[in-house]
């Protein structure tokens, strides 16, 4: 009886350590590399978040007031407002944006429009008003290098 219990316990521990976990894993990339590989780069203020459909299709939609477009490789970016899509879960590389905040947004043209993910983001946090001049200068420099 003890040997059966010991064998079951040992097997359970082995199975627990072998289980796989899926999540978002990003390769390191430079700011310039991220700029070059993106289909679009813009600075925008999030004005609306629509997560009502996220259980159906796994997406969150953001309406963004476009403040400045820096790159749009053959893409129509709606102005003054465009819609950007990301995955709802951060484990699927989804991006959480806060309504009212300004962000540098870059990503790719997908089947349903503009898409962003954690792995493609040049900056993961909002840009404060005092930093906008520096951000624009940096992005202009990246644009001239591309």
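In mature numbering (1 follows the signal peptide of the UniProt record, and there is no 0), the protein residues as written are -23 to -1, 1 to 123. No residue lacks a Cβ here, since even glycine has one placed at the ideal position from N, Cα and C. Note that the coordinates shown come from a computational prediction; the quantities given were computed from them, not determined experimentally.
Which residues share a DSSP beta bridge with residue i?
i	result
residue 26	39
residue 49	17
residue 58	42
residue 63	37
residue 91	61 and 86
If you draw a straight line from the C-alpha of residue i to the C-alpha of residue j, how long is it?
i	j	result
residue 115	residue 95	20 Å
residue 29	residue 12	31 Å
residue 5	residue 74	21 Å
residue 186	residue 117	Given a span of -23 to 123 for the chain in the structure shown, any question on residue 186 remains unanswerable.
residue 2	residue 93	15 Å
residue 148	residue 27	Any property of residue 148 remains undetermined from this structure, which presents the chain solely from -23 to 123.
residue 25	residue 38	8 Å
residue 184	residue 103	With the chain running from -23 to 123 in the structure shown, residue 184 is simply not present.
residue 49	residue 80	16 Å
residue 133	residue 89	Shown here, the chain extends from -23 to 123; a query on residue 133 therefore has no answer.
residue 86	residue 51	10 Å
residue -1	residue 108	32 Å
residue 123	residue 7	13 Å
residue 67	residue 40	19 Å
To the nearest whole angstrom, what separates the beta carbons of residue i and residue j, a pair I think is in contact under 8 Å?
i	j	result
residue 23	residue 77	7 Å
residue 35	residue 91	Not a contact, Cβ separation roughly 17 Å.
residue 61	residue 44	Wrong, their Cβ atoms sit about 14 Å apart, outside the cutoff.
residue 47	residue 18	4 Å
residue 42	residue 21	6 Å
With a 10 Å radius around its C-beta and 16 neighbouring C-beta atoms as the bar for buried, classify residue i as buried or exposed.
i	result
residue 64	buried
residue 84	buried
residue 97	buried
residue 58	exposed
residue 105	exposed
residue 15	buried
What are the boundary residues of the beta strand (DSSP E) that residue i is part of?
i	result
residue 69	Residue 69 -> no beta strand (DSSP E), and no H or E assigned at all.
residue 84	79 to 87
residue -1	Where residue -1 is concerned, there is no enclosing beta strand (DSSP E), given that its DSSP letter is neither H nor E.
Counting contacts by CB-CB distance shorter than 9 Å, is residue i in contact with chain C?
i	result
residue 83	The structure shown contains no chain C; it holds only a single protein chain.
Can you tell me whether residue i sits near the ligand MG, meaning its C-beta is under 8 Å from at least one heavy atom of the ligand?
i	result
residue 81	The ligand MG is not part of this structure, which contains no ligands at all.
In terms of residue numbering, what span does the alpha helix (DSSP H) encompassing residue i cover?
i	result
residue 102	Residue 102 -> no alpha helix (DSSP H), and no H or E assigned at all.
residue 6	Premise fails: residue 6 is in no alpha helix (DSSP H) and is neither H nor E.
residue 76	No alpha helix (DSSP H) holds residue 76; DSSP gives it neither H nor E.
residue 121	109 to 122
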